[in-house]
Each structure stands twice: as structure tokens, then as C-alpha cells.
Amino acid sequence: MRVFISYRRDDSMVTAALLHRELAGRPEFADAFMDLDDIGYGADFIAAIDAALHDADVVVVVIGPRWIEMLQARLRGDDWVRHEVATALRLRGAGARAGRAALRIVPVLIGGAAPPAESALPADLAPLARLGMLKFDERALKASINSLLETVQEEGFEGKVRRLQDEQRKLEEQRLLLEGERQHWSRARIASVGAAFALFVAAILNVFDLFGLGPRVAGATMLLAHVAAPESPWSGEVVLVGIDEASERKIGRKFDESWRAEHAKLIANAASAAARTVAFDILLEDRGDADANAALQAALAATREQMAVVFGVARRGDDGSGAMLAQFVPLARRGIICAGVAIGQARSMPLAVRRAEAAASAPAGTAAGAVQSTAGLVPSLALAAYSGGGRIDLIDERPKTVVVRLRKQQSAQKVMYYEDLGVADPQPGCEILQPGDRVVAQLLDPYSVPPLRSAPQRVAYEQIVAGDPATLALLKDRIVLV
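Numbering follows our numbering, with no gaps: position 89 of the sequence shown is 231.
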């Protein structure tokens, strides 16, 4: 099945990218077309769009809260989305195409968008208002994706499981007949093979969430018997160090820049405990207390060769990376701490930022879609912590990977990313991202991470500062996230 995704970049870019990723990665679909990913530089845009529409079996029209507003604002000018939808409606009205079924159109409402009224649409788009529209609720992401898949494929999950069981049963019958083993026929055996195959298909369809089965697919459990929820993806390599009211009471003052003296003690104690990296979700921009700064500077210098220490950055510095007090720049690694974009229950988290000038300065001979290491590649706090402050060797758009150099091991590691988005506007609160930059991001399901409320996953800041032996023993070979 071939699917064409129509969307407005200023209205539904993130959700459209999510849908494209979900559809393109499934074996049921021969192709999922999205202009940002599938039209190359120098290609005739209109010709590519029209060719993809003529090849499509289904057109998914993503309609966000500003879809109508932007349509009406462009009635007298070029509007590629209007062209896409109008062409799709015309092809649908034409019926069967060269022996193929008529094109199907599935409008999808996102972000609480209301169905467009026919009176608000130009004549060539008026039939769109008469089509049934699927409401996509980003707060129930997996259930919404399942509903979209069923709508696009015109087949419910339960029906898919029964069909696959029937197909598997027939294949098994044929195998037994060919082998002359009909005397060993066992209905129980056939049923178990069908159920196992259905579970395999269910895994491909990703209908099970990480904490068991939701009510959306509860009926299917009658077909699939017992299914154990998979283990949490938490790696166990990170120890979360919380600073809270108890920490303030123990230290004896409210949290401020003077705590850099305590940070120095924490760094020294973590290094003595053979921690892998210490990453602070804290900025080093404000001048603060001179004595505390001197203590932190001394601790960073003393442990620099033994252990990486990473601090967060949110503003752009003079060198193109993150802003930090000059005395700490040669000693501490930096990572972007911007919070990312919420997509319903999921979150698209920055993994690295590619400056606009980085692509322009790529050496001759660099493969298309690959950007070599330059000062214009800036890691997130997570990537800097994971790599021990290592550099980014390469961002490759083809397999969607960031190649990062692990500092201590001196080896390269590929880290997959989910999407690559351009920064179009200034980002208040995250000035390190500027128009023209590109952000490669991972998609995170916060509910897949355990609560991290107690040891060994979470420990108290003040216990590390005090050098508590039992607490320090938990830090060996771990990333310590403060």
C-alpha cells in the first residue's frame, strides 16, 4: 500500500513527521510519501507531488488548528497543500485508475482542530468536508496511531489477527498434507502456531504498550492468550542525583550559585568513586561567588583527565557552542539542555544541533546527507554525558544516525535519531537554537522510564557531597546526572 501525507509545515509538521515515521517503517506499506523527506534538491516539486498522488492508494490529509486559516490566507497565491488536496479529490472522483481501486482520502484532525465547514472551503476542496474525519489525540498517541492504521488499511486489529491465523492455519494444513503427515493432525498444534504468528504480527504492529495491554486492544487478548509486558528500556547506567528541599536543609541555604563549592565536592567524590561522567542540568553563566567559582574550577582541573564533567547550556556563546563563564570553558564539557517539543504523551528531545554554517563548511567529497565534525555540531546534555564529553564525528541523514566519539574508550558509537527539524524562528528560553539551525531529535516516551524515586536509581545530592560510602559505591562506572 502506498500512502501520501499532505500537511502544512507551519501547522502540523511534527505530527506529520511522526505519522510518516510510523507508516514508513511498517512492512504493510510499500511507500509513505512526505515532501520534506521524499523530494530531492533540484527536483520539480509539482511533478514529484503529482506523480506521488497518482501512485498513492491512500492520501492522509493532516488538518491542524490553523489549517483553514492558512488556506484562506493563501486563496490568491500559491498553496501547495490546496493543490495536493484538490488533485487527490479529483483523482478520487475519477474512480478506478488503470485497473486500480479509486484513491481513498483520510482527513485526520490533530491538535483539537474542528472539521472544516464546506462553506469555508473553495469549490475545488468542498468535497473534503463531506468525508468522515478521524480525530487524532496526541495525548493517547499509541491508540490514535492504531486507529489511523486500521482506517488506512480498512481492517481492524482483531480482523487482522483472525485473517493471519486463518492464513497460517491453511499454510500449516498444506505443509502437513505435502509431508504425508495427516495422521498427526492436531487442532491444538495448529491453534498454537496461529497464536504465535499473531503475536509476532502484533509485535510488528506495535499495538502493545510498555505496561501491558490497553483497553483499545483488550478484545484481541482473547485471540492471543497471555502476553507478558516487555521489560523497561531503562539501561541502569544512570544515577539521578536530586537536589530538593531536604538537600537545602542539609546544606543550610537555598540553592544558588554559591553551591558551586558543593558541586566541587560532589565532583571530587564522584571521581574517587570511579564514576564515568558527571552531568549537571545546571548553567554556569552567572558570575556568582568568587570563592565558590574557584573551588569548582580547581575540582574540574583536578579530575579532568580522570572523568568527564558536563554542564548545561541554553544561550549561544561566542565560539558558536554554549555560553559559559570563561574560567570554566577549558575544563567543563557543554551540552544543550533545551526541553524539546511535546507530542501528546511523547516528547521529541534534542540530540544534537547542526549549525547553519556547519553544512556549508563540510569538506569536499562529503556524502550527501552527511555532515562532518565541525564546531557547528553541538551535542545535547544527554549525548555529551553518554559520550563522556566526546565529540560528534558525523551526522548522517540517510540512516538517521549521529556518530559520536566516546572520549574514554576512544571509539565511535552510532546513535539513532528520530527526526531532523529546521529552526525557523527565535526560541525564547533556548537562545542557543537560532533560525537556520537544524535539530536532530529522539522521540521519548516518558512512561517507559521507571519512577527513579530511590536508590540505586536515585540518590541524594547531600549524601555524595558528604562522601557517604554506601552512596558513592552506587556511582562506579555510571553517568551521574545532577
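Virtual Cβ for every residue (Gly too), placed ideally from N, Cα, C.
Note that the coordinates shown come from a computational prediction; the quantities given were computed from them, not determined experimentally.
Bridge partners of residue i, per DSSP?
| i | result |
| --- | --- |
| Glu561 | Ala583 |
| Ala421 | Val452 and Leu623 |
| Val250 | Val204 and Leu276 |
| Phe175 | Phe146 |
| Asp192 | Partner(s): none; Asp192 has no beta bridge. |
| Met491 | Gln584 |
| Ser600 | It is Arg, not Ser, that sits at residue 600 in the sequence shown. In DSSP, Arg600 forms a bridge with Leu382. |
| Leu106 | This structure cannot settle anything about residue 106, because the visible part of the chain is limited to 143 through 624. |
| Ile478 | Val455 and Ser522 |
| Gly464 | Arg458 |
Alpha carbon to alpha carbon, what distance is there between residue j and residue i?
| i | j | result |
| --- | --- | --- |
| Ala193 | Gly464 | 44 Å |
| Leu563 | Gly609 | 43 Å |
| Asn411 | Gln555 | 28 Å |
| Ile385 | Ala444 | 24 Å |
| Ala158 | Leu425 | 34 Å |
| Leu267 | Trp222 | 13 Å |
| Gly454 | Ala388 | 23 Å |
| Asp535 | Arg163 | 25 Å |
| Gly235 | Ile287 | 27 Å |
| Val581 | Val544 | 12 Å |
| Gln584 | Leu283 | 16 Å |
| Ala597 | Pro611 | 13 Å |
| Asp220 | Ile188 | 12 Å |
| Val202 | Ile147 | 5 Å |
| Arg218 | Pro169 | 41 Å |
| Val156 | Leu493 | 16 Å |
| Gly518 | Arg457 | 14 Å |
| Ile621 | Arg395 | 27 Å |
| Leu628 | Ala271 | Residue numbering for the chain in the displayed model covers 143 to 624; residue 628 lies beyond these limits and cannot be assessed. |
| Phe175 | Pro593 | 38 Å |
| Val420 | Val380 | 10 Å |
| Cys572 | Val520 | 14 Å |
| Phe171 | Arg281 | 25 Å |
| Met558 | Ser490 | 13 Å |
| Asp538 | Gly462 | 21 Å |
| Val451 | Asp177 | 41 Å |
| Arg391 | Gly530 | 32 Å |
| Leu442 | Ala468 | 13 Å |
| Gly532 | Ala243 | 53 Å |
| Tyr560 | Ser553 | 23 Å |
| Ile409 | Ile478 | 20 Å |
| Ala265 | Gly482 | 39 Å |
Going by beta carbon distance, what residues of the same chain come within less than 7 Å of residue i, once the five residues before and after it are set aside?
| i | result |
| --- | --- |
| Asp579 | Val495, Arg496, Arg497, Ala498 and Val565 |
| Arg150 | Gly206, Trp209, Met212 and Val223 |
| Ala506 | Any reading at Ala506 must be qualified, since the residue scores a pLDDT of 42, below 50, and its modelled position is unreliable; no value is offered. |
| Thr293 | Val248 and Leu276 |
| Leu616 | Val381, Ala597, Pro598 and Val601 |
| Glu296 | none |
| Leu273 | Ile247 and Pro249 |
| Gln448 | Ala413 |
Less than 6 Å between C-beta atoms, sequence neighbours within five positions excluded: which residues of the same chain meet that for residue i?
| i | result |
| --- | --- |
| Gln569 | Leu575 |
| Asp199 | Met143 and Arg144 |
| Asp619 | Arg418 |
| Pro357 | Since pLDDT at Pro357 reaches only 31, below the 50 mark, its modelled position is unreliable, and no value is offered. |
| Ala262 | Ile210 |
| Ala416 | Lys618 |
| Glu427 | Ala465 |
| Tyr603 | Val383, Ile385 and Ser389 |
| Gly459 | Ala465 |
| Leu623 | Val380, Leu382 and Ala421 |
| Ser154 | Val204, Gly206 and Ile252 |
| Gly254 | none |
Could you pull out every residue in the same chain whose Cβ sits closer than 8 Å to the Cβ of residue i, ignoring the five residues on either side in sequence?
| i | result |
| --- | --- |
| Met275 | Ile205, Pro249, Val250, Leu251 and Pro257 |
| Asp433 | Ala403 |
| Thr613 | Ala597, Val601, Ala602, Gln605 and Ile606 |
| Asp567 | Pro577 |
| His225 | Ile188 and Ile191 |
| Asp431 | Glu399, Ser400, Arg402 and Ala403 |
| Phe397 | Ile385, Ser389 and Glu390 |
For residue i, decide whether its Cβ has a neighbour in chain C, counting only Cβ atoms nearer than 8 Å.
| i | result |
| --- | --- |
| Val565 | In the structure shown, chain C cannot be found, because there is only a single protein chain. |
_For the segment 430 to 438 against the segment 548 to 555, do three or more pairs of beta-carbon atoms, one drawn from each stretch, fall closer than 8 Å, so that the two count as touching?_
no
*Does the segment 224 to 237 touch the segment 251 to 260, meaning 3 or more C-beta pairs lie closer than 8 Å?*
no
_Cβ pair count under 8 Å reaching 3, the segment 518 to 525 against the segment 465 to 474_ = Contact fails: fewer than three Cβ-Cβ distances are below 8 Å.
*asked:* Taking 8 Å as the cut-off, does the segment 594 to 614 touch the segment 391 to 408 (at least 3 CB pairs, one atom from each stretch)?
replied: yes
*Are at least three pairs of beta-carbons, each pair with one atom in the segment 213 to 220 and one in the segment 241 to 254, less than 8 Å apart?*
Taking 8 Å as the limit for Cβ pairs, the verdict is that the segment 241 to 254 does not touch the segment 213 to 220.
*Which whole runs of the alpha helix (DSSP H) in the segment 522 to 554 are 4 residues long or more, in chain order?*
523 to 528
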